[in-house]
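Asker: Before we start, here is the structure in question, set down as structure tokens.
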DNA sequence: CCCTGATTCGC
DNA sequence: GCGAATCAGG
């Protein structure tokens, strides 16, 4: 496979959307994530800050090459790159209609089984809920059959309707949900403290 | 172990 | 230019 115009276009699109190199590679087919990453760099869009070039001055003009080639171990010397890479999380809206985001508890729960924990809104941190609502937009919306060992199995919607799917985003290693859903699924004891009953 | 991107360098 | 191998990190 070669980097045709449309393949590059798709690459750019997905990369700017925040898709991972491996996801892009799968989508494109015929290439590995390494190929994707390599291309991304050659295209000069390694900096995912969609907008600006983030002008990065070239401080150190490559120092003298002590020992040239040779099978010697890689030179880890990074001439210079303070770049804190602004990880500005677009948390924004604190109160994102979170409530509607919680997986609806159907009235027809079979014999009460493994449905994921479905805490009530009032006992989850607003941040976590906000995160969930954000993530939901990017959810893969998988069907039961499409879930795998490593996809988020958080259910969304009412199982009794067509509007039901599973998150499907990459799950946290060892956990059944993606980062965002792990956040609302597993809470520290402290938060459910005075919930005596 | 799973995954991520970054870099090098023979091709 | 390409991308496997490798590195570094979560």
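In full-length UniProt numbering, the protein residues as written are 1 to 197. Don't be surprised by glycine CBs; every beta carbon is placed ideally from N, CA and C. Since we're looking at a predicted model, the values are computed, not measured.
Give me, in chain order, the residues of the same chain whose beta-carbon lies closer than 8 Å to that of residue 14; leave out the 5 immediate sequence neighbours on both sides.
Answerer: Closer than 8 Å at Cβ, skipping near neighbours: 23, 24 and 27.
Asker: Look at the alpha carbon of residue 173 and the alpha carbon of residue 149, and state the distance between them as a whole number of angstroms.
Answerer: Approximately 10 Å between the Cα atoms of the pair.
Asker: Just the C-alpha distance for residue 40 and residue 185, rounded to the nearest angstrom, thanks.
Answerer: Using only the alpha carbons, I get a separation of about 35 Å.
Asker: In the structure shown, what three-state DSSP assignment does residue 31 receive?
Answerer: Of the three classes helix, strand and coil, the one that applies to residue 31 here is coil, per DSSP.
Asker: Distance, Cα to Cα, residue 170 vs residue 144?
Answerer: Spanning the two alpha carbons is a distance of roughly 15 Å.
Asker: State buried or exposed for residue 137, treating a residue as buried only when at least 16 other CB atoms are found within 10 Å of its CB.
Answerer: Exposed, since its Cβ has fewer than 16 Cβ neighbours within 10 Å.
Asker: Out of 163, 133 and 129, which has the shortest C-alpha to C-alpha gap to residue 142?
Answerer: Looking at the Cα atoms, 163 is the closest of the given residues.
Asker: Excluding the five sequence neighbours on either side, which residues of its own chain have a C-beta within less than 7 Å of the C-beta of residue 19, listed in chain order?
Answerer: Nothing listed; no residue qualifies.
Asker: So which of 45, 180 and 44 has the shortest CA-CA distance to residue 126?
Answerer: With distances taken between Cα atoms, residue 126 lies closest to 180.
Asker: Give the DSSP-derived three-state secondary structure of residue 15 in the structure shown.
Answerer: If DSSP states are grouped into helix, strand and coil, residue 15 belongs with the helices.
Asker: Mind checking who residue 142 pairs with in its DSSP beta bridge?
Answerer: In the DSSP output, where bridge partners are listed per residue, residue 142 has 166.
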